[in-house]
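Here is the structure we will look at.
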Amino acid sequence: MSNANTNTNYTSTFKSASFSFSSSTVNGQTRSNSSVAYSDPSGTRVQTRSQEPGQAARESRLQFDAEGRRLQDSGLEGNGGARGRIEDVTDREEEEVVEK
Numbered sequence: 005m006s007n008a009n010t011n012t013n014y015t016s017t018f019k020s021a022s023f024s025f026s027s028s029t030v031n032g033q034t035r036s037n038s039s040v041a042y043s044d045p046s047g048t049r050v051q052t053r054s055q056e057p058g059q060a061a062r063e064s065r066l067q068f069d070a071e072g073r074r075l076q077d078s079g080l081e082g083n084g085g086a087r088g089r090i091e092d093v094t095d096r097e098e099e100e101v102v103e104k
């Protein structure tokens, strides 16, 4: 019997995405929440958006490495450094309309 020693390298290439949305209306007031998560071998990115009746939409983005550690530089892109926090995006959208 020969004991052949072969080295085989395996690389994980999984990718997944999930989406969730909920909305409810009570007395004409609508509340909504959505979440999107993308995962691959390098980690996971999660984006959430929620809106309460009479309030501006709030959005957050989080990023985690492959070991599940939150990356400090994750957050909203192009918002001047407000990374990893919830931000009221209504004012920014209104400013963009006024500037055009």
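The sequence shown begins at 5 in the working numbering and counts up by one.
Cβ atoms here follow ideal geometry from the backbone N, Cα and C, with glycine treated the same way.
Given the structure is predicted, the values throughout are model-derived calculations rather than measurements.
Looking at the DSSP output, Arg-73 sits in no beta bridge, so it has no partner there. In the same chain as Phe-25, and ignoring 5 residues on each side of it, the C-beta atoms closer than 6 Å to its own belong to Ser-38, in chain order. Going by DSSP, Thr-17 is part of no beta strand (DSSP E) at all; its letter is neither H nor E. Closest option to Gln-55, judged by alpha-carbon separation, among Ser-43, Ser-36 and Glu-71: Ser-36.
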